[in-house]
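Numbering (the working numbering), first residue to last: 228 to 584.
These notes are about the structure you will find just below.
Below you can see the structure in the form of C-alpha cells.
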C-alpha cells in the first residue's frame, strides 16, 4: 500500500497524482515545480529538496532579469539563440525552445561563462538505386549518391544549471541532390570528389555557422565583433571588462566631438573663427568649356559558353548536350579580397584577410 500511498510535493506541499511524482534525492517534486526548472537541467534525481528550492529562487530572479535583456542577434530555426551585444561586444545570450523567450523564462547566460563552443556538421550519404526490369533495386553505373546535412551547436558553460547545451540550428535537413531531376539518366555526380561547398545552399549555411562561431569567439574573449566598434561612451548600466579599451584599431572619433577634442595634439592649430560679416565666396567657374558627357556604353554581356570537362564540347546551357555533364559550379572566392582557394579545399577563414567564407 505504501507504494501507491498519498504523496505531497516537498517543495510546494501540493498533493502529487499517481503518475505525477518527480523523485528527488531526499523527497518528492510535483510536475508543476519540475516544469519551472531550467530545461537544460538534467540532475533533478540527484538533487536535494534544498537544491531544488535554490534553483527555483534563481529561476524567479532570471525571469526578472529577462525584462532588461535586449537581444540584437538571433540564430537558429528549431531553437533560437538570442544574443545581446553591448558596445560591439557580445555580452549575454539565451537559448529558447520557442520564439517567446520571456514566457519560456529562458536562462540568461554570460558569454564569459562559456568554456567551449563547437558546431557539429552531421553528413549522411545514401546511394541512389533504380528498379530494373526484373523488379530488383540495383546500383547505377557509375554509382550515384545524395547527401544530407544537419548542423548542431554544442556548448559547455560554468553556469550551475545549464552546463551542457546542444541544439540543432536547421529546422529541415539540408539535402544536396547529386542527380538533376527532370533530365535524362546520364545527368549525375559521382561519389568521388564530392564537395558540398560547390552548392550555394551549403555555403550559405556554412557562412551562417561561421558567423555564430565568431559571435562566441568575440564574446568569450570580450572583443568587438567584426564590423562593430565600441563607442567612446558606455551604455547605461554597462561595465567594461577589465583591460577593455573602447576605441578599436582604426576607429575614428565622431565628427560631433569637434576640434576641441584634438586641441591637445602636438602641432594642432584650431581654425580661426570667420570674421563678422564674412561671406563665403561663390564657387569658381570652371576654366574650360563644358561639353556633354558621352552616353554610357553598356558593357558586353559576359560569355556564358563553357567547355565540358568530360568530352571537351563547348556548350552554353546548364548541361552538356553531348554527354550530359552538368556545368561546373563557379569557383569559390573571398568576397573581401578575391582570394580563390584550391578546388575542394575551402577553409573556414580567408588566409589573406581573415574574412569567414
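A virtual CB, placed ideally from N, CA and C, is assigned to each residue, including glycine.
{"Item": "Through-space distance from residue 580 to residue 281, alpha-carbon basis", "Value": "49 Å"}
{"Item": "DSSP state of residue 289 mapped onto helix, strand, coil", "Value": "helix"}
{"Item": "Backbone secondary structure at residue 449 - three-state DSSP", "Value": "coil"}
{"Item": "Buried or exposed (CB count within 10 angstroms, at least 16 for buried), residue 295", "Value": "exposed"}
{"Item": "Counted within 10 angstroms of its Cβ, other Cβ atoms place residue 567 as buried (16 or more) or exposed", "Value": "exposed"}
{"Item": "Proximity winner among 440, 546, 245 and 535, relative to residue 347 (alpha-carbon distances)", "Value": "440"}
{"Item": "CB contact flag (residue 317, residue 434, <8 Å)", "Value": "no"}
{"Item": "The ligand MG heavy atom lying under 7 Å from the CB of residue 405", "Value": "In terms of ligand content, the structure shown is empty, and the ligand MG therefore cannot be addressed."}
{"Item": "Assigned secondary structure, residue 276 (DSSP; H/G/I helix, E/B strand, else coil)", "Value": "helix"}
{"Item": "Spatial distance of residue 372 from residue 355 (CA atoms)", "Value": "5 Å"}
{"Item": "Buried/exposed call for residue 274, threshold 16 Cβ in 10 Å", "Value": "buried"}
{"Item": "Sequence-distant residues of its chain with Cβ nearer than 7 Å to residue 243 (five each side left out)", "Value": "234, 235, 236, 255 and 257"}
{"Item": "Pairwise C-alpha distance: residue 383 and residue 563", "Value": "33 Å"}
{"Item": "Closest Cα partner of residue 561 within the set 298, 574 and 313", "Value": "574"}
{"Item": "First and last residue of the uninterrupted beta strand (DSSP E) at residue 388", "Value": "From DSSP, residue 388 is part of no beta strand (DSSP E); its letter is neither H nor E."}
{"Item": "Residue 370, buried or exposed, once every other Cβ within 10 Å from all chains shown has been counted against 16", "Value": "exposed"}
{"Item": "Residue 357 - containing beta strand (DSSP E), residue span", "Value": "341-358"}
{"Item": "Secondary structure of residue 374, DSSP reduced to three states", "Value": "strand"}
{"Item": "Cutoff 8 Å; reference residue 535; Cβ partners in own chain excluding five residues on either side", "Value": "541, 542, 547, 549, 550 and 552"}
{"Item": "DSSP state of residue 517 mapped onto helix, strand, coil", "Value": "Legend: pLDDT at residue 517 = 43, less than 50; position of this residue unreliable, no value from coordinates given."}
{"Item": "Bridge partners - residue 249, DSSP secondary structure assignment", "Value": "256"}
{"Item": "Selection from 375, 368, 362 and 451 that minimises the alpha carbon distance to residue 422", "Value": "375"}
{"Item": "Residue of 312, 248 and 238 minimising C-alpha distance to residue 276", "Value": "238"}
{"Item": "DSSP three-state assignment for residue 294, whether helix, strand or coil", "Value": "helix"}
{"Item": "Distance CB(residue 401)-CB(residue 428) smaller than 8 Å", "Value": "yes"}
{"Item": "Chain-order list of residues whose beta-carbon lies under 6 Å from that of residue 302 (same chain, five-residue window excluded)", "Value": "308 and 439"}
{"Item": "Residues that DSSP places opposite residue 302 in a beta bridge", "Value": "308"}
{"Item": "Sequence-distant residues of the same chain with beta carbon closer than 7 Å to residue 240, five excluded per side", "Value": "none"}
{"Item": "For residue 379, the three-state DSSP class (helix, strand or coil)", "Value": "strand"}
{"Item": "Cβ-Cβ distance between residue 336 and residue 321 below 8 Å", "Value": "yes"}
{"Item": "Burial state of residue 559, where buried means 16 or more other Cβ atoms lie within 10 Å", "Value": "buried"}
{"Item": "Beta-bridge partners of residue 394, as assigned by DSSP", "Value": "380"}
{"Item": "Cβ-Cβ distance between residue 432 and residue 378 below 8 Å", "Value": "yes"}
{"Item": "Below-8 Å beta-carbon distance, residue 434 vs any chain B residue", "Value": "Of the protein chains in the structure, only one exists, and it is not chain B."}
{"Item": "Option in 263, 305 and 272 with minimal Cα separation from residue 285", "Value": "263"}
{"Item": "Cβ pair residue 331, residue 323 closer than 8 Å", "Value": "yes"}
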